[in-house]
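The sequence shown begins at 1 in full-length UniProt numbering and counts up one residue at a time.
Glycine included, every Cβ here is placed at the ideal spot set by N, Cα and C.
Note sheet for the following structure.
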Amino acid sequence: MAREKYNKTKKDSIYWYKDNEGKKKYAYRYKFYDQHGKRSEKSSRNFNSIEECERALIEVKATVLNGNITQLDKMQITLSEWFSIWLELKKKKIKVSTYSQYESFFRLYLNPLIGHHKLKHLTKMVVQHDLVDEMIDRGLSEKTIRNTVTTLNSSLIAAVEEEFLDRRRFTSLDYRGAKPIRKMDTLTEEELKQLIILAKTTCNISQYTILLTIAQTGMRKGESLALCWKDIDFENNQISISRTRDYQSTRSAKTKNSIRTIDMNDELAKVLRRYRSWCIEIKLTHGYKLKESDYVFISRSGEPVCDHYPNWALNKIIEKHNFREITIHTLRHTVASILVGNGVPVPTVAKILGDTINVVNEVYSHSLERKEKEAIEILGNIANLK
Numbered sequence: 001m002a003r004e005k006y007n008k009t010k011k012d013s014i015y016w017y018k019d020n021e022g023k024k025k026y027a028y029r030y031k032f033y034d035q036h037g038k039r040s041e042k043s044s045r046n047f048n049s050i051e052e053c054e055r056a057l058i059e060v061k062a063t064v065l066n067g068n069i070t071q072l073d074k075m076q077i078t079l080s081e082w083f084s085i086w087l088e089l090k091k092k093k094i095k096v097s098t099y100s101q102y103e104s105f106f107r108l109y110l111n112p113l114i115g116h117h118k119l120k121h122l123t124k125m126v127v128q129h130d131l132v133d134e135m136i137d138r139g140l141s142e143k144t145i146r147n148t149v150t151t152l153n154s155s156l157i158a159a160v161e162e163e164f165l166d167r168r169r170f171t172s173l174d175y176r177g178a179k180p181i182r183k184m185d186t187l188t189e190e191e192l193k194q195l196i197i198l199a200k201t202t203c204n205i206s207q208y209t210i211l212l213t214i215a216q217t218g219m220r221k222g223e224s225l226a227l228c229w230k231d232i233d234f235e236n237n238q239i240s241i242s243r244t245r246d247y248q249s250t251r252s253a254k255t256k257n258s259i260r261t262i263d264m265n266d267e268l269a270k271v272l273r274r275y276r277s278w279c280i281e282i283k284l285t286h287g288y289k290l291k292e293s294d295y296v297f298i299s300r301s302g303e304p305v306c307d308h309y310p311n312w313a314l315n316k317i318i319e320k321h322n323f324r325e326i327t328i329h330t331l332r333h334t335v336a337s338i339l340v341g342n343g344v345p346v347p348t349v350a351k352i353l354g355d356t357i358n359v360v361n362e363v364y365s366h367s368l369e370r371k372e373k374e375a376i377e378i379l380g381n382i383a384n385l386k
């Protein structure tokens, strides 16, 4: 039987061929040098798509590199190849959300704009012209561009450590012309009160309750979606936060500071009690009993709400009542700003939010400055006593 003819593809080390039944298949042949300097090869075939073949090849490259049994062709490797290997190595060491963020920056910006460049040619001029300036021309924000460059930097630091590069080739870059980082948006106390009233009259019970929970506690959207009934202590009016949930999975909270137990006010406790009764009825309608391990926020089908649910609820209010444009995260910022502005100590605010004291000082400095000015005015009034 004649051996199948391998044909080159646009992907390095990946080939296509036709099997005995005439079906198009893919294979890889990965050549490298082992620790003794001897040329070696790993290969596999019978992949149904080039994407499937490429994923397998990346895993092989990562395994070979991680096992320290190779001297890859350091002079020829491209950013696209290196970043894929680096991402595979990082996969089991970082949170799913962080991995997803890295992958997005690579897929949307790094790979299409500079992925074809060899690592050795990745100079400051190339990164500035082909990545940063191009992203600026596309109208992307300074924050997005800086985060993309930070991700690139992380992969290049690893490349230096693995001796694919002798040094990181660039430091400071010019971001002038990019859309400025958007100023943090918050609601006033009156606006927040108005929003809660509109939520009560506009939204269904699940939408209203999840918006109220976020607006009264400042918890992150993912934290609210991950709440289970066992996390709510009605006897002591407390909520325990230890997980986050998105479209990918439920997992441990963002940081150690994110794992916390916070107090809830009487109004929120009353609403949650009433909502629990509704959830019990909905579950029974579908033939189930409510369990303490069940997610708090569910739809009429008795299933947990999806990760976009709070956004839909908020957008319903914005569209129906012409409320000003805000995001779900605005509610978190608003809670923090109101607490700081009303003199709640920064360490207490940090505990409620699940942030560090430094983050609260940095992000909500405008509220702190306002309180400082008020304090100075108080001293001034004392000095002017007649």
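Rounded to the nearest whole angstrom, the C-alpha separation of residue 23 and residue 106 is 32 Å.
Taking C-alpha positions only, residue 242 is separated from residue 327 by approximately 23 Å.
The three-state secondary structure of residue 111, taken from DSSP, is helix.
A straight-line Cα-Cα distance of about 10 Å links residue 90 and residue 84. Setting aside the 5 residues that flank it on each side, residue 4 is surrounded in the same chain by 17, each with a C-beta closer than 6 Å to its C-beta; the list follows chain order. When the beta-carbon positions are compared, residue 178 and residue 196 stay at least 8 Å from each other.
Between the C-alpha atoms of residue 227 and residue 296 there is a straight-line separation of about 6 Å.
Annotation: the continuous alpha helix (DSSP H) that includes residue 285 extends over 266-285. Close CB contacts of residue 354 within its chain, under the 6 Å cut and outside five residues either way in sequence, are with 257, 258, 260 (chain order). For residue 80, the enclosing alpha helix (DSSP H) stretches over residues 79-90. Within its own chain, the residues whose Cβ lies closer than 6 Å to the Cβ of residue 53, once the five positions on either side in sequence are excluded, are 14, 26, 28, 47, listed in chain order.
By the C-beta criterion, the stretch 282-294 is judged not to be in contact with the stretch 160-167, since fewer than 3 inter-stretch pairs fall below 8 Å. Secondary structure at residue 204: coil, using DSSP grouped into helix, strand and coil. With contact defined as three or more Cβ pairs closer than 8 Å, the stretch 198-208 and the stretch 136-156 are not in contact. Taking the Cβ atoms as the reference, residue 209 lies roughly 5 Å from residue 275, within the contact range of under 8 Å. Shortest Cα-Cα distance from residue 185 to any of 20, 336, 11 involves 336.
Residue 286 has its alpha-carbon roughly 10 Å from the corresponding atom of residue 303. In this structure, residue 135 lies away from residue 102, with their beta-carbon atoms at least 8 Å apart. Burial state of residue 255 is exposed, judged by a 10 Å Cβ sphere holding fewer than 16 other Cβ atoms. Rounded to whole angstroms, the separation of the alpha carbons of residue 131 and residue 57 is 27 Å. In the three-state reduction of the DSSP assignment, residue 46 falls in the strand class. DSSP places residue 153 within a helical segment (H, G or I) once states are collapsed to three.
A residue is called buried when at least 16 other Cβ atoms come within 10 angstroms of its Cβ; residue 149 meets this threshold and is buried. DSSP places residue 180 in the coil class of the three-state scheme, outside both helix and strand. For the options 162, 268, 262, 330, the alpha carbon positioned closest to that of residue 348 is the one of 262. Residue 250: member of the beta strand (DSSP E) spanning 250-252, first to last residue. Per DSSP, the continuous beta strand (DSSP E) segment holding residue 263 begins and ends at 260-263. DSSP places residue 328 inside the alpha helix (DSSP H), whose first and last residues are 328-341. Residues of the same chain with their beta carbon placed closer than 6 Å to that of residue 95 are lacking, with the five preceding and five following residues left out of the count. Assignment of residue 228 by DSSP, reduced to helix, strand and coil, places it in the strand class.
Across the structure, residue 294 and residue 229 are spaced so that their CA atoms are roughly 6 Å apart. Nearest to residue 311 by C-alpha distance, out of 251, 232, 10, 222, is 222. Considering only 145, 32, 321, the residue with the shortest C-alpha distance to residue 42 is 32.
Inclusion of residue 232 and residue 272 in the CB contact set at 8 Å is warranted, their separation being smaller than that value. Residue pairing of residue 17 in beta bridges, as defined by DSSP: 25. Listed in chain order, the non-local C-beta contacts of residue 270 below 8 Å within the same chain number zero, local neighbours out to five positions each way being set aside.
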